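Visitor: Shown below is the structure under consideration.
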Amino acid sequence: MNNLKSQDIVLAAVIDAFNNKKVTPTISARDMGGSAYWEYKDQEGVDQALRELENIYDYDFDVINKITLSDLAEFMGVSKSVIHASLRRLNDVNIISKTPYHLCQYAVHTEVFINLLIHGVPYFFPAKKGSIVRGIRTSTDSPLMEKELKHDDMGFVWPYISNNTGISLSPIHKSVPIVSLKSFHLYCLFGALDSIRVGKPRERAMAEKNVEALLKGQINAEE
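Taking our numbering, the leading residue of the sequence shown gets 1, the next gets one more, and so forth.
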């Protein structure tokens, strides 16, 4: 694993989501001179926001702005130094490679990343179960998984401010709830990943298919 850290897994998923337009920022932080804005989730909203900003700032947004280290850091709620170190480790093990043709300036090697999530993460980053808490539903209660699996047992949650109650399950990294609230695609991905980490054989098999399909663009989480 070349000393990969859990935040590296999240960053690779975030880069892939940005590159494939599963997360759509209206404009990058440097253009507004402040925080990046992520509230628009469809292209119509993005286009409208850019038209308004063009009128206000007299700025040409025809050229797609690249996602910077600062943008990634803000999106994940971590520091730029964390992002920089993660990019280096991911590049060293060929999960990503630098390219000028992608929005994040890095491309994720899909097959390598899928293999890591399915065969590596459950063993190197095992989940820890805790007490009953309020949080964000995950594993078999996450959006894609709950469509296919019905159960009467109390489900798992990531401890977080929420009205949902369940058994505490540690996310692969503390940034997972943060990025999942900003991208439904990422929520479905990390929810399925938790089923690989803690699920029974049937649940794991279904989660593996969902992870692969999400990263290969074979299913759209928002449909």
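All residues carry an ideal CB built from backbone N, CA and C; glycine is no exception.
Values in this document were obtained by computation on a predicted structure and should not be read as measured data.
Could you check if Ala36 is buried or exposed, using at least 16 other CB atoms within 10 Å of its CB as the buried criterion?
Guide: Residue numbering aside, residue 36 sits at position 36 when the sequence shown is read from its first letter. With a pLDDT of 35 at Ala36, under the threshold of 50, the modelled position of this residue cannot be trusted; read the value that follows with caution. Label assigned to Ala36: buried.
Visitor: Once the 5 residues before and after Ser97 are set aside, which same chain residues still bring their CB inside 6 Å of it?
Guide: Counting from 1 along the sequence shown, the entry for residue 97 is found at position 97. So the list reads Ala107, once near-sequence residues are dropped.
Visitor: Identify, in the order they occur along the chain, each residue of the same chain with its Cβ nearer than 6 Å to the Cβ of Arg202, setting aside the five sequence neighbours on each side.
Guide: Taking the sequence shown and counting its residues from 1, the one referred to as residue 202 is at position 202. None.
Visitor: For the structure I just gave you, are there three or more beta carbon pairs, one from the region 156–176 and one from the region 207–214, closer than 8 Å?
Guide: No, they do not touch.
Visitor: In whole angstroms, what is the alpha-carbon distance linking Ile136 and Ser180?
Guide: Mapped onto the sequence shown, residue 136 falls at position 136. Mapped onto the sequence shown, residue 180 falls at position 180. For Ile136 and Ser180, the distance between alpha carbons rounds to 9 Å.
Visitor: Would you kindly check if the distance between the Cβ of Phe190 and the Cβ of Pro171 is under 8 Å?
Guide: Here residue 171 refers to the residue found at position 171 of the sequence shown. Here residue 190 refers to the residue found at position 190 of the sequence shown. Against a cut-off of 8 Å, the Cβ pair of Phe190 and Pro171 comes out as a contact.
Visitor: Pro100: buried (16+ other C-beta within 10 angstroms of its C-beta) or exposed?
Guide: As a first step, residue 100 is located in the sequence shown; it is residue number 100 there, counting from the start. Answer is exposed; the Cβ neighbour count stays below 16.
Visitor: Under the assumption that Met76 contacts Ile178 (Cβ atoms under 8 Å), give the Cβ distance between them as a whole number of angstroms.
Guide: Numbered from 1 along the sequence shown, position 76 holds the residue referred to as residue 76. Numbered from 1 along the sequence shown, position 178 holds the residue referred to as residue 178. Their Cβ separation, rounded to whole angstroms, is 7 Å, which keeps Met76 and Ile178 in contact under 8 Å.
Visitor: By a C-beta neighbour count over all protein chains shown, 10 Å radius and 16 as the cutoff for buried, is Asn19 buried or exposed?
Guide: By one-based count along the sequence shown, residue 19 stands at place 19. That one is buried.
Visitor: Based on the DSSP secondary-structure assignment, which residues constitute the bridge partners of Ser97?
Guide: Indexing the sequence shown from 1 puts residue 97 at position 97. BP columns for Ser97 point to Ala107.
Visitor: Buried or exposed: which applies to Lys200, given that a residue is buried once 16 or more other Cβ atoms fall within 10 Å of its Cβ?
Guide: Taking the first residue of the sequence shown as 1, we reach residue 200 at position 200. When all chains shown are included, Lys200 counts as exposed.
Visitor: If you follow the beta strand (DSSP E) that Gly130 is part of, which residue opens it and which one closes it?
Guide: Numbered from 1 along the sequence shown, position 130 holds the residue referred to as residue 130. Run containing Gly130: Lys129 to Thr138, per the beta strand (DSSP E) assignment.
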